[in-house]
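For reference, the structure is listed below as structure tokens.
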Amino acid sequence: MELLKGLSARGRRLLLGVLVTALGLLGTACGGDAGPQDFLTPEGPIAERADGLWDITFAIAVVIFVIVEGVLVFAIVKFRRKPGREAAQFHGNTKVEVILTLVPTLILAGLAVPTVKAIADLSEKQEGSLEIKVVAKQFWWEYTYTDEDVVTANEMHVPTGQPVFLTLEGTDVIHSFWVPKLTGTQDAVPGRVNTMQFEADKPGTYWGQCKEYCGLSHANMRLRVIVHEPAEFEQWLEDQKQPAAASVSGAAAEGQEIFMQTCVNCHAIEGTDAKGTSGPNLTHFASRETFAGAMFENNAANLRRWIDNPANVKPGALMPDYGLSAQEIDAVVAYLETLE
Amino acid sequence: MSTHDAALQGPPHHEEHQTSTGLDNTKMAMWAFLGSECLFFGSFISTYLLYRSRAAGGPTPAEIYDIPFTSVSSFVLLMSSLTMVLALAAIQRGDERGLRTWLLATAFLGMTFIGGQIYEFTTFYEEGLALSKSPFGSSFFVLTGFHGAHVSVGILMLLALVGMSLAGRLPQAESRKVELIGLYWHFVDIVWIVIFTIVYLVPTEG
Amino acid sequence: MATAALQPRRSIFARPTATTGWYSWVTTVDHKKIGIMYGVTAFVFFLLGGLEALAIRAQLATPNGEILSAEAYNQFFTMHGITMIFLVIMPMGVAFFNYLVPLMIGARDVAFPRLNALSYWIFLFGGIFIYSSFFLGGAPDGGWFGYAPLSRTLETRGMDFYAVGLQLLGVASLAGAINFIVTILNMRAPGMTFMRMPVFVWMTLVVSFLLLFAMPVIAVALFQLMFDRLFDTTFFNVAAGGDPLLWQHLFWLFGHPEVYILILPAMGIVSEVLPTFSRKPLFGYAAVVFAGAAIGFMGWGVWAHHMFAAGLGPVANSAFALSTMFIAVPTGVKIFNWIGTLWGGSLRFTTSMLFSLGFVAMFIIGGLSGVTHAIVPHDAQQTDTYYVVAHFHYVLFGGALFGIMSGLYYWWPKFFGHRLSEKIGKWNFWLWFLGFNLTFGPMHIVGLQGMPRRIYTYPDGMGWNLWNMMETVGAFIIAVATLFFLFNVVVSRRKGREEAGDDPWDARTLEWMIPSPPPEYNFAEIPVVSHRDDFWHKKYFVGPGKTAEPVFAGGADHDEHGTDEHHIHMPSPSYFPLIAAFGMLITAYAVIFALPAVAIGLLVTTLGFFGWVFEPGTAE
Numbered sequence: 171m172e173l174l175k176g177l178s179a180r181g182r183r184l185l186l187g188v189l190v191t192a193l194g195l196l197g198t199a200c201g202g203d204a205g206p207q208d209f210l211t212p213e214g215p216i217a218e219r220a221d222g223l224w225d226i227t228f229a230i231a232v233v234i235f236v237i238v239e240g241v242l243v244f245a246i247v248k249f250r251r252k253p254g255r256e257a258a259q260f261h262g263n264t265k266v267e268v269i270l271t272l273v274p275t276l277i278l279a280g281l282a283v284p285t286v287k288a289i290a291d292l293s294e295k296q297e298g299s300l301e302i303k304v305v306a307k308q309f310w311w312e313y314t315y316t317d318e319d320v321v322t323a324n325e326m327h328v329p330t331g332q333p334v335f336l337t338l339e340g341t342d343v344i345h346s347f348w349v350p351k352l353t354g355t356q357d358a359v360p361g362r363v364n365t366m367q368f369e370a371d372k373p374g375t376y377w378g379q380c381k382e383y384c385g386l387s388h389a390n391m392r393l394r395v396i397v398h399e400p401a402e403f404e405q406w407l408e409d410q411k412q413p414a415a416a417s418v419s420g421a422a423a424e425g426q427e428i429f430m431q432t433c434v435n436c437h438a439i440e441g442t443d444a445k446g447t448s449g450p451n452l453t454h455f456a457s458r459e460t461f462a463g464a465m466f467e468n469n470a471a472n473l474r475r476w477i478d479n480p481a482n483v484k485p486g487a488l489m490p491d492y493g494l495s496a497q498e499i500d501a502v503v504a505y506l507e508t509l510e
Numbered sequence: 327m328s329t330h331d332a333a334l335q336g337p338p339h340h341e342e343h344q345t346s347t348g349l350d351n352t353k354m355a356m357w358a359f360l361g362s363e364c365l366f367f368g369s370f371i372s373t374y375l376l377y378r379s380r381a382a383g384g385p386t387p388a389e390i391y392d393i394p395f396t397s398v399s400s401f402v403l404l405m406s407s408l409t410m411v412l413a414l415a416a417i418q419r420g421d422e423r424g425l426r427t428w429l430l431a432t433a434f435l436g437m438t439f440i441g442g443q444i445y446e447f448t449t450f451y452e453e454g455l456a457l458s459k460s461p462f463g464s465s466f467f468v469l470t471g472f473h474g475a476h477v478s479v480g481i482l483m484l485l486a487l488v489g490m491s492l493a494g495r496l497p498q499a500e501s502r503k504v505e506l507i508g509l510y511w512h513f514v515d516i517v518w519i520v521i522f523t524i525v526y527l528v529p530t531e532g
Numbered sequence: 011m012a013t014a015a016l017q018p019r020r021s022i023f024a025r026p027t028a029t030t031g032w033y034s035w036v037t038t039v040d041h042k043k044i045g046i047m048y049g050v051t052a053f054v055f056f057l058l059g060g061l062e063a064l065a066i067r068a069q070l071a072t073p074n075g076e077i078l079s080a081e082a083y084n085q086f087f088t089m090h091g092i093t094m095i096f097l098v099i100m101p102m103g104v105a106f107f108n109y110l111v112p113l114m115i116g117a118r119d120v121a122f123p124r125l126n127a128l129s130y131w132i133f134l135f136g137g138i139f140i141y142s143s144f145f146l147g148g149a150p151d152g153g154w155f156g157y158a159p160l161s162r163t164l165e166t167r168g169m170d171f172y173a174v175g176l177q178l179l180g181v182a183s184l185a186g187a188i189n190f191i192v193t194i195l196n197m198r199a200p201g202m203t204f205m206r207m208p209v210f211v212w213m214t215l216v217v218s219f220l221l222l223f224a225m226p227v228i229a230v231a232l233f234q235l236m237f238d239r240l241f242d243t244t245f246f247n248v249a250a251g252g253d254p255l256l257w258q259h260l261f262w263l264f265g266h267p268e269v270y271i272l273i274l275p276a277m278g279i280v281s282e283v284l285p286t287f288s289r290k291p292l293f294g295y296a297a298v299v300f301a302g303a304a305i306g307f308m309g310w311g312v313w314a315h316h317m318f319a320a321g322l323g324p325v326a327n328s329a330f331a332l333s334t335m336f337i338a339v340p341t342g343v344k345i346f347n348w349i350g351t352l353w354g355g356s357l358r359f360t361t362s363m364l365f366s367l368g369f370v371a372m373f374i375i376g377g378l379s380g381v382t383h384a385i386v387p388h389d390a391q392q393t394d395t396y397y398v399v400a401h402f403h404y405v406l407f408g409g410a411l412f413g414i415m416s417g418l419y420y421w422w423p424k425f426f427g428h429r430l431s432e433k434i435g436k437w438n439f440w441l442w443f444l445g446f447n448l449t450f451g452p453m454h455i456v457g458l459q460g461m462p463r464r465i466y467t468y469p470d471g472m473g474w475n476l477w478n479m480m481e482t483v484g485a486f487i488i489a490v491a492t493l494f495f496l497f498n499v500v501v502s503r504r505k506g507r508e509e510a511g512d513d514p515w516d517a518r519t520l521e522w523m524i525p526s527p528p529p530e531y532n533f534a535e536i537p538v539v540s541h542r543d544d545f546w547h548k549k550y551f552v553g554p555g556k557t558a559e560p561v562f563a564g565g566a567d568h569d570e571h572g573t574d575e576h577h578i579h580m581p582s583p584s585y586f587p588l589i590a591a592f593g594m595l596i597t598a599y600a601v602i603f604a605l606p607a608v609a610i611g612l613l614v615t616t617l618g619f620f621g622w623v624f625e626p627g628t629a630e
């Protein structure tokens, strides 16, 4: 083929081989698991509404793609230089041009109607919503259940079947709250209050992360939404309202003492003297699956590494390194593990 | 930006102003530049409009502006447009002495305006409106400061014209240079009229 | 000229005279030399930006990559964006504007040759200034979009360099824009009416107007950021009442027209290449021109689609969704017209043609994915994911860079008098095409799988691993393809040089009438234009069967070059643009490191302009 003129036969075979391999890879991978943040498999009505619009748009785009690229390839093949055929000299065709301007205009107008309708619908606050205030900070999330006396971090617990209404605030820089399977993103802008809503159909753990570049550990500012059956959620709320035990024993007691001299500057634990607010509220820390912006699984080994030098395992983390000895760290970890 | 660049419009034996549109190159460039400047000041003015009521506990516009004083300095600047017109008229009829007089008068009026602005800035600063005090302070000082910088550049160009004229380098045939600087000067004046109206005269709620 | 006549004595303002050697390049005001300098500089920055991209891809090839630290990654992705936008694609466009616009409209130079040199030097110094930040405390790390308040609070000097450096580049662009507006409006050869201008010239004009009005807006935003960082103003200080969205509005009010500033030059190139290699006039010339102008206008009304997640409210979001959808119409018109140009033609698949066809094919993808961003509820999903990264690389790489490569292969013979090797060129194209799709195709998928942008690391088990590895492989294939281009440049110059002649492609526009490379004065005699694609009409007429028949009498035989060249008056070289630009470089460093030294920089610049005004018109 003339397109490849200049390449040797070997070169052409090589090229073809690479293309076929690439397509093969594409095929195999499409069948695989789409992953925990794939938003083409939504799990709630809000995300499904967006997904429905995507399905229409994508289908139209594919049709247009096939037609236009098809015509392009056809023209390339059909009108390649051949002996005995001259190029036809013409400057345009008004009728064709008008039609080809009107057709995309009409298609876009057709897309515009459901889009604008969806924008309007999604911005209306639904009745009976669970209200949660989200405050985004470098590099973690604070959730306040406004009607309850509950503050938690990074892992948001919600019931199935009830709309959740979030108010988003930023404190330092702009962040963006995003749980792909449940809802698209909304920015948390310092000095402003934004709102968004979502609803989950099924219990489970849904992944999300900050989507607006917010500094060194933007990549590590993750989050989880844990969806319960309503009864289970009520139980969780009740548990969260309990203060932590004021007295503990053994290594944990030693850890508590250290905690009350250092960590207390930033962290709060209800029922104790710890009232710091710049770091996450740790009242029920041990009940969380992850910590540090949902970056690490909540276990003793990870906690030790984290407390030893936070900025080392999470660049830019604002939690200071108090230079605790290994023994002291063990004690603090022991204390944290009591905070069910 | 100067005459010989225009020589490229055609072989040198052609007329100097032969361009496709019939408009002079340098003048068209100045108009384009001033068009760009509209967006520049427009953006700063928009910022001011967004921020003028955000005083952050510091002085508010209503508390701090001295309208009579600024009206006088605005009038001075407005008068400088008149002297600029007279300067151009002078060179177009070949009156080089008159040209220098009116150019100097224009520059002097401009300097008076700048002096007024320096006084105003100092007073505001003493009354507690620092550049870093509030969004109102920042947007006010930066907007009017950039305007002042434009006036200052204009004064420099006027003085350069006076110097060229004294050196015998600004004959009647070169009146276009005066016209160009004049365009710039009038533009800067007009921008001030807009700033004066929007910043000083339109009252701020709250 | 009056000033020249008044300057008989030798003075410090005497103009330099060298026409060869490095000194002639430093002092040149010749639009062709300046164009080449723009091209070479931009290509060097392209290699730097490419190396940054390779480092980014190496880091992301596997989950939990450890090649780059978070600090380094954030600097690299920021610098990759700044480099490719401001130091590669924009100046590459300007390189073509410089070299070609005067040739295409039948002029001997641009309207303001020294201002043109000034633009180049400021651009070069601006690029060096921004890159020097790597050695002076860290490169910019707040993203090319520099969102406040993050950009205000980042602690290294990087964002100072960002605010001041982009300001320099903006001055260069603004001066260039004014220059090209005046050149195109005022210096057309007799008979070169607006509707006879080559589409490339039209696109230059539209881009120049976009620059003229977009640059001051970003200048204001950058001043505000700079004052915030250096003098503690409160434009973006939220605690004092500053509003972060002000930055976003100003930035995108510039930023979206900027997108068209990047793509329209490539559209212009493609609109010249396709007709030549199809042996047909452009299909629907008027529609292509008006579509370009329409994009230029509508480009001002879509900026908030970058802010759909910022909380502007349903009314604003709906309005910007609509404008974003309908800007696709003129873009679609262009694509149809390019395909229409191929229709009924006699296509020659030169490397240049392949890159132009690649442009059309890839731009269709980028355009379609662009429309999906207008679906606001779903945009809330895909915004800031790799899906968006895929989209704009299909537009800016598959679009702008493919167009630029097409232009390089097409006009190389005109620039340097010899062709690039078609054989190496084909390798260049196919590897580039393959690497491009392998790199950016999977980004669509991984984006829809929820991989955000601007993350230096990602955990295992997200379903992203395979795609990321493919992307990294693709990026290295692009690097190899780029080496093929460099190899081609070197080899074509030395071995078996294929002398190009005046008109190697049987092309259509005025620049092909004159020798390759053109003499300093371009046209010995200014051509008189009577048609669109005037040169083609000098060679051919349309016969009864609607086919092209050669003109025998005279026509293409025009070997009487430059009989009278000694009487052509060209502007002399000058060092004052360089001095004025150098003063701005001093000012820029002074702003960051030693504020009082700003006076020195301004003084040098002022002296440069002073010499500029007072130097004689020629070097006699």
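Protein chains in written order, with this note's numbering: chain A, 171 to 510; chain B, 327 to 532; chain C, 11 to 630. From the three backbone atoms N, C-alpha and C, an ideal C-beta is built for every residue, glycine too.
In chain order, S346, W348, T355, K381, E382, Y383 make up the part of chain A whose C-beta sits under 9 Å from the C-beta of D394 of chain C. When beta bridges are read from the DSSP output, D119 of chain C appears opposite no residue. For the pair L360 of chain B and L509 of chain B, the CB atoms are nearer than the 8 Å cut-off. Selection C:V561, C:N196, C:L179 evaluated against S346 of chain B yields C:N196 as nearest (Cα-Cα). In the DSSP annotation of this structure, V304 of chain A is not part of any alpha helix (DSSP H); the continuous beta strand (DSSP E) holding it starts and ends at 300 to 307. Close partners of Y295 of chain C in chain A (Cβ separation under 8 Å): H261, G262.
A Cβ of chain C is located within less than 8 Å of the beta carbon of P485 of chain A. With contacts defined by Cβ atoms closer than 8 Å, T352 of chain B and L506 of chain B form a contacting pair. Excluding its 5 nearest sequence neighbours in each direction, A187 of chain C has C-beta neighbours in its own chain below 6 Å: S218, L221, L222, listed in chain order.
Assigned with DSSP and collapsed to three states, I273 of chain C falls in helix.
For the 8 Å CB-CB criterion, V248 of chain C and P360 of chain A form a contact.
Distance from the CA of F624 of chain C to the CA of A493 of chain B, rounded to the nearest whole angstrom, comes to 11 Å. The C-alpha of F86 of chain C is placed about 26 Å away from the C-alpha of A306 of chain A.
For G354 of chain A, the three-state secondary structure derived from DSSP is strand. Using a CB distance cut-off of 8 Å, V233 of chain A does not count as an interface residue toward chain C. For L506 of chain A, not one C-beta of chain C is nearer than 8 Å to its own C-beta. Comparing alpha-carbon positions, the option among C:A117, C:V209, C:R358, C:A229 lying closest to K252 of chain A turns out to be C:R358. Judged by DSSP in its simplified three-state form, H403 of chain C adopts helix. By the CB criterion at 8 Å, G175 of chain C and A598 of chain C fall inside the cutoff.
Proximity of S293 of chain A to chain C, defined by a Cβ-Cβ separation below 8 Å, is satisfied. Contact with chain C is found for A290 of chain A, since one of that chain's Cβ atoms lies less than 8 Å from the residue's Cβ. Within a 10 Å sphere around the beta-carbon of H454 of chain A sit 16 or more other beta-carbons, which makes this residue buried. Under the three-state reduction of DSSP, K445 of chain A is assigned to strand. Per the coordinates, the alpha-carbon of F264 of chain C lies some 20 Å from the alpha-carbon of G409 of chain C. Contact annotation for A80 of chain C against chain B: no contact, minimum CB-CB distance about 31 Å [criterion: below 9 Å].
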